[in-house]
Amino acid sequence: AQHGGSAANTPAEAADGKDFVFSCVGNDDDLRAVTIGAEGAFQTMEKGAIFIDNTTASAEVARELAEKAVLGGFSFLDAPVSGGQAG
Numbered sequence: 009a010q011h012g013g014s015a016a017n018t019p020a021e022a023a024d025g026k027d028f029v030f031s032c033v034g035n036d037d038d039l040r041a042v043t044i045g046a047e048g049a050f051q052t053m054e055k056g057a058i059f060i061d062n063t064t065a066s067a068e069v070a071r072e073l074a075e076k077a078v079l080g081g082f083s084f085l086d087a088p089v090s091g092g093q094a095g
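Going by the numbering used here, the sequence shown runs without a break in its numbering and finishes at 95.
Encoded structure:
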C-alpha cells in the first residue's frame, strides 16, 4: 500500500476493472479455483482484458480456460514459469 498497491479478498475482486491479471498457483485445481471458481477472476474480467497465467499447469486446463476467456470477451495467455508438466 505504501507504493499505491491495494489488497483484495478474492480473485474476482482483484480482477475487477483491471486490464491485466496475473496468476501463479500450485496446480490445475488451484488454477480453476482462482479463475472459474465461485469467486474466481473470470467472474469480473473486463472485455478486452488479458489474464496471464504463470502456473506450470496442464495444456488441458490452459485450453479449457482459453475457451472460457473467449466466451467472456477477454484473452487468456498461458505463460508457465517452468515450461510445462511434461518438460
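Just so it is clear, CB atoms sit at the ideal spot from N, CA and C, and this is done for glycine as well.
Cβ-Cβ distance between residue i and residue j below 7 Å
i	j	result
Ala-49	Asp-27	no
Asp-36	Val-69	yes
Lys-55	Gly-34	no
Ser-31	Asp-61	yes
Local conformation of residue i per DSSP, three classes
i	result
Val-29	strand
Asp-36	helix
Whole-angstrom distance between residue j and residue i, CA atom to CA atom
i	j	result
Ala-65	Leu-39	8 Å
Leu-73	Ala-22	18 Å
Phe-98	Val-89	Residue 98 lies beyond the stretch modelled for the chain, which goes from 9 to 95, so this question has no answer here.
Ala-41	Thr-63	13 Å
Ile-44	Gln-10	31 Å
Gln-51	Ala-20	6 Å
Glu-47	Asp-86	21 Å
Exposure label - residue i; buried when at least 16 CB within 10 Å
i	result
Val-29	buried
Ser-14	exposed
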